[in-house]
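Numbering (full-length UniProt numbering), first residue to last: 1 to 691.
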């Protein structure tokens with residue numbers, strides 16, 4: 001269809017211009033040609049002028065294209081280690097699966113990609129290597145929905161043992177396509193002792209006692225005893241004996257440990273291996289605990305009770321490494337100790353127009369104590385902006401509902417990918433102030449998300465300048481995050497973690513060293529790369545680059561690793577490969593303007609062996625997933641049934657329409673037509689001797 005960028009009424013003007021031009025040229029003069037030829041010349045000039053005018057209207061062709069694509073059946077293969085350890089004849093099954101894929105593509109005219117949990121294409125592989133260290137089944141299925149056109153997907157077939165150990169359960173969601181499952185592995189209950197989990201605080205304070213709890217599941221050892229050891233740096237410091245009474249039970253063992261030495265300490269819980277035990281690899285777990293000096297004192301001031309306070313208090317009070325004081329105006333003001341004794345003050349909906357805790361807030365400003373602002377209604381905007389150096393609020397009657405997403409560029413501390421996935425599933429919260437201005441030094445942990453689009457608008461902001469540390473949370477009713485997280489995951493790990501990591505950052509002491517090298521986080525997994533942040537300053541504390549740095553790592557096994565690197569503006573950090581599990585001490589050294597500097601510290605590499613913890617396939621989960629998504633469940637021996645199921649379905653090609661716009665001004669045809677018309681007019685006039 002031919003259209004223009006302007007109103008079609010302008011076409012009338014083009015025709016009028018063409019008619020007027022031709023009339024002025026050929027209506028009054030006596031020419032050496034007959035009236036018939038005069039009409040022909042009149043028409044030619046009319047067409048040329050009208051066509052040129054029409055091109056100024058930017059005409060274009062709107063072309064509708066229809067394409068036909070085959071339907072897709074996506075084979076999603078669980079490439080985790082647990083499948084390889086529990087499924088006998090895995091290679092033979094893989095070859096049968098590839099043969100099934102090829103036959104179906106030929107017979108049904110359907111496209112069948114085979115992908116692993118990371119989305120990598122496995123279609124052309126003759127053999128399969130299951131070496132993945134985790135099983136994020138839910139995330140893998142969601143990635144299929146995001147990376148494939150759902151209109152093309154006829155069905156997704158998940159081949160898995162039903163064991164997930166990262167993210168949430170895949171039976172929580174209904175996905176936007178039909179999903180069937182094929183059970184791999186062995187569902188038989190084996191005689192086994194499984195150290196399911198150990199619970200501990202990652203930070204303890206010197207001179208205190210702290211608990212380490214272990215949950216131990218046994219199957220098939222009724223009436224037997226076993227011993228549980230607690231080791232510190234290889235030495236047994238405690239042991240307990242447990243009695244297995246029922247055929248299958250979970251026993252909880254608690255050790256109370258003295259925090260004697262500062263720094264990272266390696267505590268290993270080890271369950272004695274019994275005869276005939278199926279899997280001895282799941283009998284040990286390590287706890288790496290950072291022993292530090294002294295507890296931190298946290299003060300929360302609030303003008304009134306609020307459910308958000310309860311959520312914050314639950315996160316803080318659940319950590320015994322902090323002394324927490326809650327003071328509510330008119331209710332518990334007498335709980336406040338000397339202001340100078342606190343390490344952090346949380347100002348909840350303060351300062352407000354009622355001037356609650358006015359004297360205390362004035363003393364906080366003088367003391368330059370770290371402050372955490374949580375905005376809310378009835379704020380005193382002027383006083384807030386005087387106190388808060390990072391966020392300037394503008395009075396506004398507007399409010400907004402905000403989903404939150406973790407800022408990928410935030411580097412003050414880290415939230416795991418699993419926790420970021422939890423945040424993505426949480427509901428929106430209210431932002432009472434629609435307009436904000438932010439200091440250039442502000443660092444945003446959470447950003448606002450609108451639909452599926454991540455914006456640059458901050459939701460939670462940190463600030464650090466000239467020994468002043470502040471944070472500002474720009475939402476309210478965030479308690480719903482903690483509530484919904486518990487509904488989704490039966491825990492509060494994400495909520496409590498971002499709260500406590502924020503507090504740990506705000507209460508950390510600023511250092512003015514000219515040379516600082518430190519790991520991006522305190523604990524790395526043994527399957528991830530290590531990143532060190534490097535900062536160098538001259539005598540006036542301007543950041544400098546281009547100076548070589550020597551880095552030495554020493555493991556708890558006395559292994560030594562030496563590196564050298566030169567940070568620059570584009571790559572100021574240093575990235576290392578994987579390291580074995582354990583506690584590492586590092587020493588970085590360099591010379592700045594001829595003077596030697598050193599930076600030392602510790603970090604932990606945690607052994608990441610989640611796949612060995614549970615080898616019993618969970619077909620019940622796979623059945624629920626298939627049932628929830630209008631699919632069917634098959635076990636690995638039902639290859640023929642799976643073939644019949646897929647053959648019985650009709651797979652029509654999917655038609656899709658696409659509109660393409662082609663500007664007429666970029667086509668040679670109208671210019672060629674103008675040339676022919678002009679040349680024709682010139683030739684006729686020339687023939688009759690007018691030129």
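The beta-carbon is built from N, C-alpha and C at its ideal position, and this holds for glycine as well.
Only a predicted model underlies this, so the values are computations on that prediction, with no experimental measurement involved.
Legend entry - Bridge partner(s) assigned by DSSP for residue 552: According to DSSP, residue 552 bridges with 562, 587.
Inset, instruction - Buried or exposed for residue 164, please, with buried defined as at least 16 other CB atoms from any protein chain shown within 10 angstroms of its CB. - result: Classification for residue 164: buried.
Legend entry - Limits of the unbroken alpha helix (DSSP H) element including residue 95: Looking at the DSSP string, the run of the alpha helix (DSSP H) that includes residue 95 is 90-108.
Inset, instruction - Decide yes or no for the touch test of the region 206-216 against the region 250-269: beta carbon pairs closer than 8 angstroms, at least 3 of them. - result: Between the region 206-216 and the region 250-269 there are three or more C-beta pairs closer than 8 angstroms, enough to call the two in contact.
Inset, instruction - Assign residue 209 to one of three DSSP states: helix, strand, or coil. - result: In the structure shown, residue 209 sits in a strand (DSSP, three-state: E or B).
Inset, instruction - Select from 91, 572, 154 the residue whose C-alpha is nearest the C-alpha of residue 108. - result: In this structure, 154 is the residue among 91, 572, 154 with its C-alpha nearest to the C-alpha of residue 108.
Inset, instruction - From the DSSP output, in three-state form, read off residue 459 for me. - result: Note: residue 459 maps to strand in three-state DSSP.
Legend entry - Beta-carbon separation (whole angstroms), residue 479 vs residue 305, contact threshold 8 angstroms: A Cβ-Cβ separation of about 12 angstroms leaves residue 479 out of contact with residue 305 under the 8 angstroms criterion.
Inset, instruction - Have a look at residue 642 and residue 442 and give me their C-alpha separation to the nearest angstrom. - result: Separation of residue 642 and residue 442 (C-alpha to C-alpha, rounded to the nearest whole angstrom) is 56 angstroms.
Legend entry - the region 368-377 / the region 334-352 touching (three or more Cβ pairs under 8 angstroms): Touching, per the Cβ criterion.
Legend entry - Backbone secondary structure at residue 357 - three-state DSSP: Residue 357 falls in the coil class under three-state DSSP.
Legend entry - Segment limits, alpha helix (DSSP H) that includes residue 697: Nothing can be reported for residue 697: it is not among the residues displayed for the chain, which extend from 1 to 691.
Legend entry - According to DSSP, residues forming a beta bridge with residue 229: Assignment of beta-bridge partners to residue 229 by DSSP yields 239, 270.
Inset, instruction - For residue 9, count neighbouring Cβ atoms within 10 angstroms of its own Cβ and tell me buried if that reaches 16, exposed if not. - result: Of the other Cβ atoms in all chains shown, fewer than 16 fall within 10 Å of the Cβ of residue 9; this residue is therefore exposed.
Legend entry - Distance between beta carbons of residue 677 and residue 44, contact taken as under 8 angstroms: Confirmed, about 5 angstroms.
Inset, instruction - Flag this pair as touching only if the region 257-266 and the region 232-244 have three or more C-beta atom pairs under 8 angstroms; answer yes or no. - result: Yes: the two stretches touch, three or more of their Cβ pairs being nearer than 8 angstroms.
Inset, instruction - Flag this pair as touching only if the region 492-508 and the region 519-532 have three or more C-beta atom pairs under 8 angstroms; answer yes or no. - result: Cβ pair count under 8 angstroms is below three, so no.
Legend entry - Cβ-based burial, residue 482 [other Cβ within 10 Å; buried from 16]: The residue is buried, with at least 16 neighbouring Cβ atoms inside 10 Å.
Inset, instruction - Compare the C-alpha of residue 90 against each of 537, 633, 184, 560 and name the closest. - result: Taking each of 537, 633, 184, 560 in turn and checking the Cα distance to residue 90, the smallest one comes out for 184.
Inset, instruction - Look at residue 592 and residue 514 and say whether their C-beta atoms are less than 8 angstroms apart. - result: Residue 592 places its beta carbon less than 8 angstroms from that of residue 514.
Legend entry - Minimum C-alpha distance to residue 610 - residue among 53, 82, 38, 12: If you compare the alpha carbons of 53, 82, 38, 12 with that of residue 610, the shortest gap goes to 82.
Inset, instruction - Pull up the distance between the alpha-carbon of residue 365 and that of residue 387, whole angstroms please. - result: A straight line joining the alpha-carbon of residue 365 with that of residue 387 spans about 7 angstroms.
Legend entry - Simplified DSSP assignment, three categories, for residue 502: Correct three-state label for residue 502: helix.
Inset, instruction - Pull up the DSSP beta-bridge partners for residue 519, would you. - result: Paired residues: 532.
Legend entry - Within 8 angstroms, strictly: CB atoms of residue 572 and residue 537: Not closer than 8 angstroms, so no.
Inset, instruction - Look at the alpha carbon of residue 315 and the alpha carbon of residue 196, and state the distance between them as a whole number of angstroms. - result: One C-alpha to the other measures close to 24 angstroms.
Legend entry - Inter-stretch contact at 8 angstroms, needing at least 3 Cβ pairs: the region 609-626 / the region 132-147: Because the criterion of three Cβ pairs below 8 angstroms is met, the region 609-626 and the region 132-147 touch.
Inset, instruction - Output yes or no for whether 8 angstroms exceeds the beta carbon distance between residue 485 and residue 391. - result: Result no, Cβ atoms of residue 485 and residue 391 do not sit closer than 8 angstroms.
Inset, instruction - Identify whether residue 572 lies in helix, strand or coil by the three-state DSSP scheme. - result: Residue 572: coil per DSSP, three-state reduction.
Inset, instruction - Identify, in the order they occur along the chain, each residue of the same chain with its Cβ nearer than 7 angstroms to the Cβ of residue 615, setting aside the five sequence neighbours on each side. - result: These residues qualify, in order along the chain: 82, 85, 86, 279.
Inset, instruction - Leaving out five residues on either side along the sequence, give the residues of the same chain with a beta carbon under 8 angstroms from the beta carbon of residue 389. - result: Correct list, in chain order: 439, 463, 465, 468, 470.
Legend entry - Among 31, 33, 4, 51, nearest to residue 21 - alpha-carbon criterion: Comparing Cα positions, the closest option is 51.
Legend entry - For residue 358 and residue 340, the rounded distance between their alpha carbons: The alpha-carbon of residue 340 is positioned some 16 angstroms away from that of residue 358.
Inset, instruction - Kindly indicate which three-state DSSP category residue 167 falls into: helix, strand or coil? - result: Here residue 167 carries a coil assignment [DSSP, helix/strand/coil].
Legend entry - Element boundaries [alpha helix (DSSP H), containing residue 448]: First-last for residue 448: 443-450, but that is the beta strand (DSSP E), not the alpha helix (DSSP H).
Inset, instruction - Starting from residue 708, follow its DSSP beta bridges and name the residues at the other end. - result: Shown here, the chain extends from 1 to 691; a query on residue 708 therefore has no answer.
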